[in-house]
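In full-length UniProt numbering, the protein residues as written are 1 to 218.
Okay, so here's the structure we're looking at.
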Ligand code: DX5
Ligand code: ZN
């Protein structure tokens, strides 16, 4: 398993001051950007033009989490902008294998997300097509929700499948990650942690990142 990565989500950042907000997470491994379309989830955030602007003001890798319908159409457009990693939802993708291959052919990392109630078993045979598997630990749509412990067994099963494959596939979790929950998620096998409110509600987001990292770094 690779070294743990902390990806702060800017969902709870000040959207009127994104450049400043990005400078407060300089120790992050990547910036997690939540794209919502008010169809796949009941919330609306930002899209391509804002991501294009974010790209210009930070050198941190961009981890784009698409909570949208029609990712087969939209995800490649984020890869075209130079986003390092693009995550689409399995529940929304028409042809997830074709999409993952397209993203990789564009030079992006291909990632697929599963909502808390979506089983991982149907997707095990396509794990080799992915650079990262995102297991949502809240229902997607909003920051500040409570971590769902019922996802922990799925994280364990995914970890085992990734290890059995021997590939370099990250197991990311997203939702309710805090100093109270990060250790049990890591113990279950997650290695990449999205943290929104626990980072941006802190006085010093970089210090919050260091605290989270300290809990999972062996
Ligand atoms: C929720 C988003 C998350 C969100 C996490 O649908 O995908 O990335 O920002 O926020 P917290 O860490 O507050 O649960
Ligand atoms: Zn997210």
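Note that CB positions come from ideal geometry on N, CA and C, so glycine has one too.
- Assigned with DSSP and collapsed to three states, residue 15 falls in helix.
- For residue 146, same chain residues with a beta-carbon under 6 Å away, outside a window of 5 residues either side, are 176 in chain order.
- Residue 140 places its beta carbon 9 Å or farther from that of residue 25.
- For residue 62, the shortest C-beta to heavy atom distance toward ligand 2 is 8 Å or greater.
- Beta-carbon to beta-carbon, residue 7 and residue 138 are separated by about 15 Å, too far to satisfy the 8 Å threshold.
- Given a length threshold of 4 residues, each whole run of the alpha helix (DSSP H) inside the stretch 66 to 123 is given here in chain order: 71 to 80, 96 to 105.
- Here residue 132 is bridged, per DSSP, to 111, 170.
- Distance from the Cα of residue 12 is smallest, within the candidate group 42, 143, 174, for 143.
- By the beta-carbon neighbour count (other beta carbons within 10 angstroms, threshold 16), residue 117 is exposed.
- Classified as buried, residue 159 has 16 or more neighbouring CB atoms from the shown chains inside 10 Å of its CB.
- Note on geometry: alpha-carbon atoms of residue 43 and residue 10 lie some 15 Å from one another.
- The beta carbons of residue 75 and residue 114 sit about 16 Å from each other, so the pair does not count as a contact at 8 Å.
- With 5 Å as the limit, the residues whose C-beta approaches a heavy atom of ligand 2 more closely than that are 34, 65, 174, in chain order.
- Per DSSP, residue 6 lies in no alpha helix (DSSP H) segment; the continuous beta strand (DSSP E) that holds it begins and ends at 5 to 8.
- Distances from the CA of residue 60 to each of 48, 133, 22 were compared; the closest alpha carbon is that of 22.
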